[in-house]
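Undergrad: This note's numbering runs 21 ahead of the 1-based position in the sequence shown.
Note that CB positions come from ideal geometry on N, CA and C, so glycine has one too.
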Amino acid sequence: MKPYYSLPFCMPQEGVNDSAMNLLGELLMGDKIKNYPYRFKMYTNETKIFLCQTKPLLGDEVKLLKKRIDEMYQVNLILDNLPATWYIRREGFSLRWTGYPVGIKVQDVYYVINHLKFTVLVHKYEETNVARVIGTGDRAEVIPTVGKSGSEKPKYMIVGFEVVPCSIQHNAESLQNLKMYGASPSVIKCDPNTVAMAIKENEPLAFTYEFSFVESDIKWPSRWDAYLKMEGVKVLWFSILNSLMVITFLAGIIVVIFLRTVRYEEPNTEAQAQMNKELSGWKLVVGDVFRPPNNPSLLCVMVGDGVQILGMAVVTTLFAALGFLSLTSQGTLVTGMLSFYLILGIAAGFVAVRLWKTISCGDHKGWVSVSLWVACFFPGIGFLILTTLNFLLWNSHSTGAIPFSLFVTLILLWFCISLPLTLFGGYLGARAPHIQYPVRTNQVLLEIPALRYPSWLQVLWAGILPIGTLFTELFFIMSSIWLGRVYSVFGFLFIVLTLLVVVCAEVSIVLTYRHLYMEDWNWWWKSFFASGSVAIFVFLYSINYLVFDLKSLSGVVPVTLYLLYSLFMCACNRHSWVPFFILVCAVLVLFCEAGLKNFLQHKDRLCENKQHSAIGEMVTDFIYSRSTNVSFL
Numbered sequence: 022m023k024p025y026y027s028l029p030f031c032m033p034q035e036g037v038n039d040s041a042m043n044l045l046g047e048l049l050m051g052d053k054i055k056n057y058p059y060r061f062k063m064y065t066n067e068t069k070i071f072l073c074q075t076k077p078l079l080g081d082e083v084k085l086l087k088k089r090i091d092e093m094y095q096v097n098l099i100l101d102n103l104p105a106t107w108y109i110r111r112e113g114f115s116l117r118w119t120g121y122p123v124g125i126k127v128q129d130v131y132y133v134i135n136h137l138k139f140t141v142l143v144h145k146y147e148e149t150n151v152a153r154v155i156g157t158g159d160r161a162e163v164i165p166t167v168g169k170s171g172s173e174k175p176k177y178m179i180v181g182f183e184v185v186p187c188s189i190q191h192n193a194e195s196l197q198n199l200k201m202y203g204a205s206p207s208v209i210k211c212d213p214n215t216v217a218m219a220i221k222e223n224e225p226l227a228f229t230y231e232f233s234f235v236e237s238d239i240k241w242p243s244r245w246d247a248y249l250k251m252e253g254v255k256v257l258w259f260s261i262l263n264s265l266m267v268i269t270f271l272a273g274i275i276v277v278i279f280l281r282t283v284r285y286e287e288p289n290t291e292a293q294a295q296m297n298k299e300l301s302g303w304k305l306v307v308g309d310v311f312r313p314p315n316n317p318s319l320l321c322v323m324v325g326d327g328v329q330i331l332g333m334a335v336v337t338t339l340f341a342a343l344g345f346l347s348l349t350s351q352g353t354l355v356t357g358m359l360s361f362y363l364i365l366g367i368a369a370g371f372v373a374v375r376l377w378k379t380i381s382c383g384d385h386k387g388w389v390s391v392s393l394w395v396a397c398f399f400p401g402i403g404f405l406i407l408t409t410l411n412f413l414l415w416n417s418h419s420t421g422a423i424p425f426s427l428f429v430t431l432i433l434l435w436f437c438i439s440l441p442l443t444l445f446g447g448y449l450g451a452r453a454p455h456i457q458y459p460v461r462t463n464q465v466l467l468e469i470p471a472l473r474y475p476s477w478l479q480v481l482w483a484g485i486l487p488i489g490t491l492f493t494e495l496f497f498i499m500s501s502i503w504l505g506r507v508y509s510v511f512g513f514l515f516i517v518l519t520l521l522v523v524v525c526a527e528v529s530i531v532l533t534y535r536h537l538y539m540e541d542w543n544w545w546w547k548s549f550f551a552s553g554s555v556a557i558f559v560f561l562y563s564i565n566y567l568v569f570d571l572k573s574l575s576g577v578v579p580v581t582l583y584l585l586y587s588l589f590m591c592a593c594n595r596h597s598w599v600p601f602f603i604l605v606c607a608v609l610v611l612f613c614e615a616g617l618k619n620f621l622q623h624k625d626r627l628c629e630n631k632q633h634s635a636i637g638e639m640v641t642d643f644i645y646s647r648s649t650n651v652s653f654l
């Protein structure tokens, strides 16, 4: 993102100023709002307004303009907090676009957009003693005034802001002596289907604009409806229906596993006794299934961070769907995400330390170290990626670069809020009773037989079905992030997030059942990575989106920025597949452990009755596999 005023365009008379108020989310997103030279007088229509005429263009300025046109740079204007919208109408369809392009390239000739036709939609205010309503964010400030004779002036509220960009050839000599906001002597006809102002070296550029006010039936509370309306809702419903079919299919597989386990019930007690003696499959790994995994502290840290990220995603999506996070205010969503993430540090510390205490069989020694790692692991990765991105943005003089003061603010927020809450959550987890295993772990390791297919291949396969749940939603999210389109269907996103959790759970059930059936007791990390492999496919989709939907993005720095942002966005609304890995894995790891305890406690009771011993072991077989599999969201 390059500054608008780095191009040879008109400057405001009072100079370029930044917006007085910036939310933390705005700064993180690089949304730095500056004033523009266009002036509007309420409910007064004007045409042929001269803005400025530049000096003859230098060679470097011509190259820069052409480069920005090739890169499809857009100009975004805001009036009364409403973004300018360009409606492209053709036969049979109408396309709504936010902003307008810097210029157009036609048959290797570059043309600049130098005339704007604004249409301001207003709604007549019905109250008395009110002459103007100014919108800030999603609230209105009412300013009462009266006319010179004491009578009330007309009262209007701005409910829409439309723009039509044009390229018009001006006579440079006739505009030399004009001052800003003077009337242009030439007749101006704005036709977006024709272009005329070619970019040439040693020739100036002249800029003009016009505006008109049109009364509308749109009321103030509904003025954002046109912006938040999204196309393709039917496609989203189809995607959800497809996900439900996948869930039903996987549920059917799980039911088949259950039926295969219990259908062998026979009245022949000798056969049942013989079956009890012939231990195979999961029955051989009962004494090893609770053996601590490799790098248990790292597993606990990643599960804790995953709970924090998952909680942030769920709460943010739910609040946005219910309307508590206003989409009309710049940066509100990102600010809310950051706030929820900081607060949920207490949940991350509690879960990580309690899992650590459980793996250590009740010994909470080292809980402070685990809590500190939880507070530093993902934030450290995020801070490293953010610093790298910011260095590239600074080096390319982009407006998206984060100021140093914001880095200091983020560090203070982490040190003063997230770190203490995580340590407090860890303290609560250390005091909480750990989950006691229902069976003892054997002292001698059971040898794991060779698998027909490597574990990493099975884990990678596990991400195919979950990506089908996200595939359609990913397109809309990526378009919102990289093409400036508004994303407002958070209700759909919440449904998709729920379906993703269910699909990941079912995939993990099936995959872990297979591992335990093959006498592979080393399930901890495999279960953690099983559903998380969907993040790899999300990243591959982002590469596909770069190649086929962002064809204008070129150059080493822009592509590097895109890939880093994609890595950092896969889980948290724009950031890294590593935390996404954690997000989709953490819940199932915890569910598995709790399920194993609850279900295996009934194993002896089910098998004591000799008449039902075969049924008991088979039911326990299914329950055991189910509980272990539900362990990796």
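What would DSSP say about D39, mapped onto helix, strand or coil?
TA: If you number the sequence shown from 1, residue 39 lands on position 18. Here D39 sits in strand by DSSP.
Undergrad: Once you ignore the five residues that flank L265 on each side, which residues in its own chain have a CB closer than 8 Å to its CB?
TA: As a position in the sequence shown, residue 265 is number 244, starting the count at 1. The residues are L520.
Undergrad: Which residues mark the beginning and the end of the beta strand (DSSP E) in which I330 is found?
TA: Here residue 330 refers to the residue found at position 309 of the sequence shown. Unbroken run through I330 is the alpha helix (DSSP H), P317 to L343; no beta strand (DSSP E).
Undergrad: State the DSSP-derived secondary structure class of T215, mapped to helix, strand or coil.
TA: Sequence index remark: in the sequence shown, residue 215 carries index 194 (1-based). In this structure, T215 counts as coil in the three-state DSSP scheme.
Undergrad: Please report the straight-line C-alpha distance between K145 and P400, rounded to a whole angstrom.
TA: Along the sequence shown, read from residue 1 onward, the residue named residue 145 stands at position 124. Along the sequence shown, read from residue 1 onward, the residue named residue 400 stands at position 379. Straight-line Cα distance between these residues: approximately 50 Å.
Undergrad: Beta-carbon within less than 8 Å of N97's beta-carbon, same chain only, minus the 5 sequence neighbours each way: which residues are those?
TA: Mapped onto the sequence shown, residue 97 falls at position 76. Answer for N97: P104, A105, T119, G120 and G505, listed in chain order.
Undergrad: Among G446, S563 and E224, which residue has its Cα nearest to the Cα of Q197?
TA: Residue 197 sits at position 176 when you count from the first residue of the sequence shown. Here the closest residue by C-alpha is E224.
Undergrad: Is the stretch 195 to 213 touching the stretch 64 to 76 in the sense that three or more CB pairs, one from each, lie closer than 8 Å?
TA: yes
Undergrad: Beta-carbon separation of A227 and S188 under 8 Å?
TA: Start at 1 with the first residue of the sequence shown, and residue 227 comes out as number 206. Start at 1 with the first residue of the sequence shown, and residue 188 comes out as number 167. In this structure, S188 does not lie closer than 8 Å to A227 by Cβ.
Undergrad: Taking the alpha carbon of T229 as the point to measure from, which residue in N38, K62, L199 and L440 has its own alpha carbon closest?
TA: Start at 1 with the first residue of the sequence shown, and residue 229 comes out as number 208. Closest option to T229, Cα to Cα, is L199.
Undergrad: Would you mind reading off the limits of the alpha helix (DSSP H) that contains M201?
TA: What you label residue 201 is simply residue 180 of the sequence shown in a count that begins at 1. Neither: M201 is in no alpha helix (DSSP H) and is coded neither H nor E.
Undergrad: Whose C-beta lies closer than 8 Å to the C-beta of V83 among residues of the same chain, with five residues either side of it excluded?
TA: The residue you call residue 83 lines up with position 62 of the sequence shown. Only I220, K221 and E222 meet the Cβ criterion.
Undergrad: How far does the beta strand (DSSP E) with I485 in it reach, from first residue to last?
TA: Within the sequence shown, residue 485 is the residue found at index 464, counting from 1. It is not in any beta strand (DSSP E) - I485 instead sits in the alpha helix (DSSP H) that spans I485 to W503.
Undergrad: Based on the DSSP secondary-structure assignment, which residues constitute the bridge partners of G308?
TA: For the purposes of this step, residue 308 is taken as the residue at position 287 of the sequence shown. In DSSP, G308 forms no bridge with anything.
Undergrad: Beta-carbon within less than 6 Å of Y248's beta-carbon, same chain only, minus the 5 sequence neighbours each way: which residues are those?
TA: Working through the sequence shown from its first residue, we reach residue 248 at position 227. Only residues of its own chain outside the window of five on either side were considered, and among them V507 have a CB closer than 6 Å to the CB of Y248, listed in chain order.
Undergrad: Can you list, in chain order, the residues of its chain whose CB lies under 7 Å from that of L85, leaving out five sequence neighbours each side?
TA: Taking the sequence shown and counting its residues from 1, the one referred to as residue 85 is at position 64. Here the set comprises L28.
Undergrad: Is the beta carbon of V528 closer than 8 Å to that of P475?
TA: To locate residue 475, count along the sequence shown from 1; it is residue 454. To locate residue 528, count along the sequence shown from 1; it is residue 507. Not closer than 8 Å, so no.
Undergrad: First and last residue of the alpha helix (DSSP H) that includes I125?
TA: Start at 1 with the first residue of the sequence shown, and residue 125 comes out as number 104. Per DSSP, I125 is not a residue of any alpha helix (DSSP H); the beta strand (DSSP E) it occupies stretches across G124 to V127.
Undergrad: How long is the line joining the alpha carbons of L472 and L354, rounded to whole angstroms?
TA: As a first step, residue 472 must be located in the sequence shown, where it is residue number 451. As a first step, residue 354 must be located in the sequence shown, where it is residue number 333. Rounded to the nearest angstrom, the two C-alpha atoms are 46 Å apart.
Undergrad: Ignore the nearest five residues each way along the sequence and tell me which others in F361's own chain have a CB closer than 6 Å to its CB.
TA: Along the sequence shown, read from residue 1 onward, the residue named residue 361 stands at position 340. Once the five neighbours on either side are set aside, the close Cβ partners of F361 are M333, V336 and T337.
Undergrad: Can you tell me whether A272 is buried or exposed? The criterion is at least 16 other CB atoms within 10 Å of its CB, across all chains shown.
TA: Sequence index remark: in the sequence shown, residue 272 carries index 251 (1-based). Per the 10 Å Cβ criterion, exposed.
Undergrad: Decide if Q34 is buried, meaning its Cβ has at least 16 other Cβ atoms within 10 Å, or exposed.
TA: Start at 1 with the first residue of the sequence shown, and residue 34 comes out as number 13. So Q34 ends up on the exposed side.
Undergrad: Excluding the 5 residues flanking K138 on each side, which residues of the same chain have their C-beta closer than 6 Å to its C-beta?
TA: In the sequence shown, residue 138 corresponds to position 117, counting from 1. Answer for K138: V185, C211 and E231, listed in chain order.
Undergrad: Checking the sheet assignment: what are the DSSP bridge partners for V143?
TA: For the purposes of this step, residue 143 is taken as residue 122 along the sequence shown, with counting starting at 1. Answer by DSSP bridge pairing, in chain order: I179 and E236.
Undergrad: Report the rounded CA-to-CA distance for W394 versus V322, giving the unit in angstroms.
TA: Locating residue 394 in the sequence shown gives position 373, counting from the first residue. Locating residue 322 in the sequence shown gives position 301, counting from the first residue. Taking the straight line joining both Cα atoms gives about 6 Å.
Undergrad: Is it buried or exposed for R111, if we count other Cβ within 10 angstroms and need 16 for buried?
TA: Within the sequence shown, the letter at position 90 stands for residue 111. With a 10 Å radius around the Cβ and a threshold of 16 neighbouring Cβ atoms, R111 comes out exposed.
Undergrad: Which residues in the same chain have their Cβ closer than 8 Å to the Cβ of R89, if we skip the five residues on either side of it in sequence?
TA: Residue 89 sits at position 68 when you count from the first residue of the sequence shown. Closer than 8 Å at the Cβ level, and outside the excluded window around R89, lie K23, L28, V123 and G124.
Undergrad: Could you tell me which of Y57, F496, Q190 and Y177 sits nearest to V256, measuring between CA atoms?
TA: Here residue 256 refers to the residue found at position 235 of the sequence shown. Selected option, being the one with the closest Cα: F496.
Undergrad: Secondary structure at V185, three-state DSSP: helix, strand or coil?
TA: On the sequence shown, residue 185 is found 164 positions in, with the first residue counted as 1. It is a strand residue.
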